[in-house]
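**Student:** Quick one: structure below, then a few questions.
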Amino acid sequence: MNQPLIDAVRAGDPEKVRECLHAGADPNMKDQKGEDVLSIAIDDSPESVEVVRVLLDAGADPNCQWDDCVPLTCAIIDKNLDVIELLLQRGANPNLVIDGGTQYDFADFDYRHDEYDLRLPVEPTEAEQGNEEAWLAMLDRLALEYGKRPPEVLHLLRKYGGRSLRELRDEPR
9 MNQPLIDAVR
19 AGDPEKVREC
29 LHAGADPNMK
39 DQKGEDVLSI
49 AIDDSPESVE
59 VVRVLLDAGA
69 DPNCQWDDCV
79 PLTCAIIDKN
89 LDVIELLLQR
99 GANPNLVIDG
109 GTQYDFADFD
119 YRHDEYDLRL
129 PVEPTEAEQG
139 NEEAWLAMLD
149 RLALEYGKRP
159 PEVLHLLRKY
169 GGRSLRELRD
179 EPR
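Printed below as a string of structure tokens:
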């Protein structure tokens, strides 16, 4: 019952996923490596959004952790804005700390790695380094100036309350 669900998820087939779930497959099951089916469903294909929606509708946990990853991490890696937003709408925690940082921190690292090979073309000011809104404004400006992809994932995470670990530590309790 569960292997057909994994196969349907990997195939990106929302109807087969629905059939497997109606037949009793667990929307929170994991494969042999320990990866949950929700994370397996996430890629940059158009079908990914519908498969993720079907799994979430069936009760898949948007914060299910495997290795050093949650479904939101997978969506950030794939830069699938529709899946990121769906996960956030359904309760994915952008402030979940894994491996020393929040999902926002991971997205910031991922963005700088992909767009600038971790070396920004200019040195950020002290104000930009100390304030996330100023940091994002700088990244927006650099993207425009240097013809890079804008930091849309970071903006989306902010929209749903995403914060850096530094911000979380600095918040009054």
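If you count by the numbering used here, then the sequence shown holds residues 9 to 181, one letter each, in order.
Ideal Cβ positions, reconstructed from N, Cα and C, are used throughout, including at glycine.
Please classify residue 112: is it buried, with 16 or more other beta-carbons within 10 angstroms of its beta-carbon, or exposed?
**Tutor:** Answer is buried; the Cβ neighbour count reaches 16.
**Student:** According to DSSP, simplified to helix, strand and coil, what is residue 44?
**Tutor:** Looking at residue 44 - three-state DSSP - the assignment turns out to be strand.
**Student:** For residue 97, report the span of its alpha helix (DSSP H) as first-last.
**Tutor:** Element bounds for residue 97: 89–97.
**Student:** Is the distance from the Cβ of residue 71 to the Cβ of residue 78 below 8 Å?
**Tutor:** Cβ atoms of residue 71 and residue 78: closer than 8 Å.
**Student:** Please check the pair residue 183 and residue 80, which I expect to be a contact at CB under 8 Å, by giving their CB distance rounded to whole angstroms.
**Tutor:** Only positions 9 to 181 of the chain appear in this structure, which leaves residue 183 out of reach.
**Student:** What are the boundary residues of the alpha helix (DSSP H) that residue 22 is part of?
**Tutor:** Unbroken alpha helix (DSSP H) run through residue 22: 22–30.
**Student:** Tell me the rounded alpha-carbon separation between residue 136 and residue 117.
**Tutor:** The alpha-carbon atoms of residue 136 and residue 117 are separated by roughly 16 Å.
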